[in-house]
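Here is the structure we will look at.
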Amino acid sequence: MLTLTSVEAQNRFGQLLDAAQREPVVITRRGRPVAMLVAMQDYEALQGDQKAAMAARVAGISAVAAFRGVGKGASVANLLADRRADRVKELAKDLSQTSQSSKP
């Protein structure tokens, strides 16, 4: 992956565009990455992957909602709140077990 400073990117913009067609280009400022230039084709592929992942999440939530009876008096908000509460209980239990096992 090519890395350029912001000054180099300004001075070599045409070359930067050509390079981005071959590989992502990282642009830094004061030694820290601040931007990445990618080919439009790569960007569109990433966008498609994100949309597919979101659709899969929505489908999963919908399946769980259907299983738990959302639409029969329950709501997706209640379902999500229940899932969060269950996760908090699991984490608290894990923490409790960890602290008990570390006592002398």
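For the sequence shown, this note's numbering gives the first residue as -7, with consecutive numbering after it. All residues carry an ideal CB built from backbone N, CA and C; glycine is no exception. The structure presented is a predicted model; accordingly, all values stated were derived computationally and were not measured.
#1: Ignoring anything shorter than 4 residues or poking outside the segment 16 to 85, list the alpha helix (DSSP H) runs there in chain order.
#2: Could you give the residue range of the alpha helix (DSSP H) that holds Q13?
#3: Is the distance from the Cβ of A31 to the Cβ of Q13 below 8 angstroms?
#4: Distance, Cα to Cα, L29 vs S88?
#5: Straight-line CA distance for T(-5) to A77?
The answer reads as follows:
#1: 32 to 60
#2: Locating residue 13 in the sequence shown gives position 21, counting from the first residue. No alpha helix (DSSP H) holds Q13; DSSP gives it neither H nor E.
#3: Residue mapping note: residue 31 aligns to position 39 of the sequence shown, counting from 1. Residue mapping note: residue 13 aligns to position 21 of the sequence shown, counting from 1. It is a contact, given that the beta carbons lie within the stated cut-off.
#4: The residue labelled residue 29 in the question sits at position 37 within the sequence shown. The residue labelled residue 88 in the question sits at position 96 within the sequence shown. One C-alpha to the other measures close to 47 angstroms.
#5: The residue labelled residue -5 in the question sits at position 3 within the sequence shown. The residue labelled residue 77 in the question sits at position 85 within the sequence shown. Looking at the two C-alpha atoms, the distance is approximately 44 angstroms.
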